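J.:
Protein chains: 6
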Amino acid sequence: MSDWLTSLKTETPQEGFELAITLARKGVEYTQPSAAIRKKLRPKYARNADSLTMVSQVIAIHYQTVAAANNYWK
Amino acid sequence: MSDWLTSLKTETPQEGFELAITLARKGVEYTQPSAAIRKKLRPKYARNADSLTMVSQVIAIHYQTVAAANNYWK
Amino acid sequence: MSDWLTSLKTETPQEGFELAITLARKGVEYTQPSAAIRKKLRPKYARNADSLTMVSQVIAIHYQTVAAANNYWK
Amino acid sequence: MSDWLTSLKTETPQEGFELAITLARKGVEYTQPSAAIRKKLRPKYARNADSLTMVSQVIAIHYQTVAAANNYWK
Amino acid sequence: MSDWLTSLKTETPQEGFELAITLARKGVEYTQPSAAIRKKLRPKYARNADSLTMVSQVIAIHYQTVAAANNYWK
Amino acid sequence: MSDWLTSLKTETPQEGFELAITLARKGVEYTQPSAAIRKKLRPKYARNADSLTMVSQVIAIHYQTVAAANNYWK
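Okay, structure coming up:
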């Protein structure tokens, strides 16, 4: 993969949250590199509450990392 | 999305908990942006104990971040 | 909701554990505010080992936060 | 419940691990106080690999807390 | 159980990883002490991707502890 | 196994992410050493959204460790 992550620093907590989302997605992308297959899976899990909660959990874990890297934007 | 998170600081541990809930929900919202679909999913998972426990877990993970950002409101 | 959490400080590690339990339950309460529905769900998950393990996990995550907030009661 | 946890300090990393197991079980006990029901659930989950992995995960989370409380027995 | 864990210190990050695996297995062993039953469960979960991912997750959690105990082998 | 991990240090946050992926896979490899079996499992879980989310979660947990080991590449 080309460069997609050069820093964990973000301007605001919200941008940090959005970076956490990117990290969660990248974890999936590295495991399933086919964009076509990932797209096909989307309608199903995006309409399943537990699947969405699971995704939200991965974001939460990455957000811990990003927030620490930014010293919680203090 | 418009600005929804400008700081992780809260006045009290309870407000911090409520911010953690917001973060958990935002993780879902970014993944399923349709409010109509999310609303449709609600009755089912809100009556399923394991689904509720899973949501509570995501809140717990975010609460770790928010609590650290607030130095545990010491 | 009225005030239910004004501090993460507790006298003992055990009270901290009990606070972690409260936090885990509050995560469910905010998501399913109906006490009647929550009560109805109880008999089933309280007799399912995996459901109980999941609840125990949420408590464990909150206990990390509470323990850190109390500097591990050192 | 009577006093069961007065300190997170242990002599060795192994005793710390055993304390983490106690904490994981206490999370279940507070949620399902009936020893009879818990005993009834045991044969099933103790013969299910995923259930055992889930229990092991809760222990792992508590072990993080106990290890930090003991400054990793350095 | 006899002594199996006297220190979280390891020479290298890889040995630390292997210690994390031991900790994950010990969590199962304490819960299901019968080696015969554990052996019987193995063929099934070792051929199930989600079961393997769950095991990998417990290892990951323990590796956080072991890595911190070793100051990340800096 | 031969040496595969001599340091948690990486040049960039992205290389750190890729190391986290390696760690997640190694957790599976140690549990299921047969490359043939692991390859056989791949088509199924790589086309299942929840399985991919679970893998992404393990990566996220390891990334916390790797990021801390690198002081967040500050």
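Chains as they are written, first to last, in numbering that gives the first Met the number 0: chain A, 0 to 73; chain B, 0 to 73; chain C, 0 to 73; chain D, 0 to 73; chain E, 0 to 73; chain F, 0 to 73. Just so you know, even glycine gets a beta-carbon here, dropped at the ideal spot from N, CA and C. Bear in mind the structure is a predicted one, so any value in this text is a computation, not a measurement.
Nearest-angstrom Cα distance between A67 of chain A and R41 of chain B?
T.: Those two C-alpha atoms are separated by around 32 angstroms.
J.: Which chain C residues sit within Cβ distance under 7 angstroms of T9 of chain B?
T.: The premise fails here: T9 of chain B is roughly 11 angstroms from chain C at the closest Cβ pair, so nothing lies under 7 angstroms.
J.: Please list the partners that G15 of chain B has in chain A, where partner means a Cβ-to-Cβ separation under 9 angstroms.
T.: Correct list: empty, because the minimum Cβ distance to chain A is about 12 angstroms.
J.: Counting only beta-carbon separations shorter than 8 angstroms, does R37 of chain B have a partner in chain C?
T.: Judged by the 8 angstroms Cβ criterion, R37 of chain B is not in contact with chain C.
J.: Under the assumption that G26 of chain D contacts I58 of chain C (Cβ atoms under 8 angstroms), give the Cβ distance between them as a whole number of angstroms.
T.: Rounded, the Cβ-Cβ distance is 4 angstroms, consistent with contact.
J.: Cβ of K73 of chain E less than 8 angstroms from any chain D Cβ?
T.: Not an interface residue.
J.: Should A35 of chain B go down as buried or exposed, given a rule of 16 or more other Cβ atoms within 10 Å for buried?
T.: Exposed: under 16 other Cβ atoms inside 10 Å.
J.: Would you call W72 of chain F buried or exposed, if buried means 16 or more other Cβ atoms sit within 10 Å of its Cβ?
T.: Counting Cβ neighbours within 10 Å, W72 of chain F comes out buried, since at least 16 surround it.
J.: Any beta-carbon of chain A closer than 8 angstroms to the one on T21 of chain F?
T.: No, because no Cβ of chain A sits closer than 8 angstroms to the Cβ of T21 of chain F.
J.: Which class does A68 of chain F belong to by DSSP, given the choice of helix, strand or coil?
T.: In the structure shown, A68 of chain F sits in a helix (DSSP, three-state: H, G or I).
J.: In terms of alpha-carbon separation, which member of F:L51, F:Y44 and F:V65 lies closest to L18 of chain F?
T.: The shortest C-alpha separation from L18 of chain F is found at F:V65.
J.: What does the alpha-carbon distance come out to for the pair S55 of chain D and I20 of chain F?
T.: Roughly 22 angstroms separates the two Cα atoms.
J.: Under 8 angstroms between beta-carbons, which chain C residues line up against A66 of chain B? List them in chain order, please.
T.: Within chain C, the residues near A66 of chain B are L7, T64, A67 and A68.
J.: Compare the C-beta of P12 of chain A with all C-beta atoms of chain B and state if any pair is closer than 8 angstroms.
T.: Yes, P12 of chain A lies at the interface with chain B (some Cβ there is under 8 angstroms from its Cβ).
J.: Tell me which residues share the same chain as S50 of chain E and place their Cβ nearer than 8 angstroms to its Cβ, disregarding the 5 neighbours each side in the sequence.
T.: The residues are K43 and Y44.
J.: Since Q31 of chain D meets chain E, which of its residues come closer than 8 angstroms, beta carbon to beta carbon?
T.: Under the 8 angstroms cutoff, chain E gives no residues; its nearest Cβ is about 16 angstroms from Q31 of chain D.
J.: Got a sec: is the Cβ-Cβ distance from L4 of chain F to anything in chain A below 8 angstroms?
T.: No, because no Cβ of chain A sits closer than 8 angstroms to the Cβ of L4 of chain F.
J.: Determine the direct distance from the alpha carbon of T11 of chain D to that of E28 of chain E, and round the result to whole angstroms.
T.: Looking at the two C-alpha atoms, the distance is approximately 19 angstroms.
J.: With a 10 Å radius around its C-beta and 16 neighbouring C-beta atoms as the bar for buried, classify T5 of chain F as buried or exposed.
T.: Per the 10 Å Cβ criterion, exposed.
J.: Shortest alpha-carbon distance to A23 of chain C belongs to which of B:M53, B:N70 and B:T30?
T.: Minimum Cα distance to A23 of chain C is reached at B:M53.
J.: Among C:Q13, C:Y62, C:N47 and C:K8, which residue has its Cα nearest to the Cα of D2 of chain D?
T.: When only C-alpha atoms are compared, the closest one is C:Q13.
J.: Find the residues of chain A that neighbour V54 of chain F, judging by a C-beta separation of less than 7 angstroms, and give them in chain order.
T.: Within 7 angstroms Cβ-Cβ: G26 and T30.
J.: Taking a contact to mean a Cβ-Cβ separation below 8 angstroms, would you say Q31 of chain F touches I60 of chain A in this structure?
T.: Taking 8 angstroms as the Cβ cut-off, Q31 of chain F and I60 of chain A do not qualify as a contacting pair.
J.: Of the residues E:T9, E:K8 and E:N47, which one's Cα is nearest the Cα of K39 of chain F?
T.: Of the listed residues, the one whose Cα sits closest to K39 of chain F is E:N47.
J.: Counting only C-beta atoms, is A34 of chain A closer than 8 angstroms to chain B at any point?
T.: So no, A34 of chain A is outside the interface.
J.: Identify the continuous alpha helix (DSSP H) that holds Q13 of chain E and give its terminal residues.
T.: Note, Q13 of chain E: alpha helix (DSSP H), P12 to T30.
J.: Are the C-beta of N69 of chain A and some C-beta of chain G separated by less than 8 angstroms?
T.: Within the model displayed, chain G is absent; protein chains A, B, C, D, E and F are what it includes.
J.: Verify the CB distance criterion: does L40 of chain F have a CB-CB separation below 8 angstroms to chain A?
T.: It does not; no Cβ of chain A falls within 8 angstroms.
J.: By a C-beta neighbour count over all protein chains shown, 10 Å radius and 16 as the cutoff for buried, is N69 of chain B buried or exposed?
T.: By the neighbour-count rule (16 or more Cβ atoms within 10 Å), N69 of chain B is buried.
J.: Can you name the start and end residues of the alpha helix (DSSP H) that A45 of chain E belongs to?
T.: Unbroken run through A45 of chain E: none, as it is neither H nor E.
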